[in-house]
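Student: Structure below; questions to follow.
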Amino acid sequence: MNNFINKIKNFFRNLYARSYGMDDINRTLLVLAFVSSIIELITRSTIIYVISTLFIVIFIFRYFSSKKFARSEENRKYRKLIKLIKTKWTYRKTHRVFMCKNCGQLIKIPKGHGNVIVTCPNCHNQEEHKS
Ligand SMILES: [Zn+2]
Numbered sequence: 001m002n003n004f005i006n007k008i009k010n011f012f013r014n015l016y017a018r019s020y021g022m023d024d025i026n027r028t029l030l031v032l033a034f035v036s037s038i039i040e041l042i043t044r045s046t047i048i049y050v051i052s053t054l055f056i057v058i059f060i061f062r063y064f065s066s067k068k069f070a071r072s073e074e075n076r077k078y079r080k081l082i083k084l085i086k087t088k089w090t091y092r093k094t095h096r097v098f099m100c101k102n103c104g105q106l107i108k109i110p111k112g113h114g115n116v117i118v119t120c121p122n123c124h125n126q127e128e129h130k131s
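Going by my numbering, 41 is the number at position 41 of the sequence shown; the sequence numbering is gapless.
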């Protein structure tokens, strides 16, 4: 019996040691799962129940994934996207914000100057954008 308990302990110890753990995407998935569960409780919608379950399944998959590099690359891209959305929202009235297609640097140009050729300050790549 004691041997069996030790095997279970070792299993969970190894599982946690190999698992990727918590990051920004997993936090967002948990919040989305929680919010959609509450909406599902109110509306009793099957579709929202399935969506909520899907969020939890993806969360568990990512949390216990042993492919840490792949998960951290996903998280890096997610953080970049969130940063782009936040910057676009912040400067939505005065600037156009976009990502350099070559290096991913965020570039913002003032609105109302027509089509302009923009040089990336990071990689000096030139792109034409509508301002
Ligand atoms: Zn660039």
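In this text, a Cβ means the ideal position worked out from N, Cα and C, and glycines have one as well.
#1: Grab me the residues of Leu-81's own chain with a C-beta within less than 8 Å of its C-beta, minus the 5 sequence neighbours each way, in chain order.
#2: Give the straight-line distance between the Cα atoms of Tyr-63 and Leu-32, rounded to the nearest whole angstrom.
#3: Any idea which residues DSSP pairs Leu-106 with across the strands?
#4: Determine contact between the segment 5-14 and the segment 51-70, defined as no fewer than three beta-carbon pairs at a distance below 8 Å.
#5: Just to confirm, is the Cβ distance from Tyr-78 to Ile-117 under 8 Å?
#6: Terminal residues of the continuous alpha helix (DSSP H) containing Thr-130?
#7: Are the segment 32-47 and the segment 80-99 touching by the rule of at least three beta carbon pairs closer than 8 Å?
#8: On a Cα-Cα basis, can you pick out the residue from Asn-75, Cys-100, Lys-130 and Gln-105 that is closest to Arg-27?
Tutor: The relevant details are as follows:
#1: Sequence index remark: in the sequence shown, residue 81 carries index 81 (1-based). Close CB contacts of Leu-81 within its chain, under the 8 Å cut and outside five residues either way in sequence, are absent.
#2: Here the question's residue 63 lines up with position 63 in the sequence shown. Here the question's residue 32 lines up with position 32 in the sequence shown. C-alpha separation (whole angstroms): 15 Å.
#3: Looking up residue 106 in the sequence shown gives position 106. Residue pairing by DSSP places Leu-106 opposite Met-99 in a beta bridge.
#4: Below 8 Å, too few C-beta pairs join the segment 5-14 and the segment 51-70 to call them touching: fewer than three.
#5: Counted from its first residue, the sequence shown places residue 78 at position 78. Counted from its first residue, the sequence shown places residue 117 at position 117. No, these two residues do not count as a Cβ contact at 8 Å.
#6: Residue 130 sits at position 130 when you count from the first residue of the sequence shown. A quick correction: the sequence has Lys, not Thr, at residue 130. Note, Lys-130: premise wrong, no alpha helix (DSSP H); beta strand (DSSP E) at 126-130.
#7: Three or more Cβ pairs closer than 8 Å define a contact, and the segment 32-47 falls short of that threshold against the segment 80-99.
#8: Residue numbering aside, residue 27 sits at position 27 when the sequence shown is read from its first letter. If you compare the alpha carbons of Asn-75, Cys-100, Lys-130 and Gln-105 with that of Arg-27, the shortest gap goes to Asn-75.
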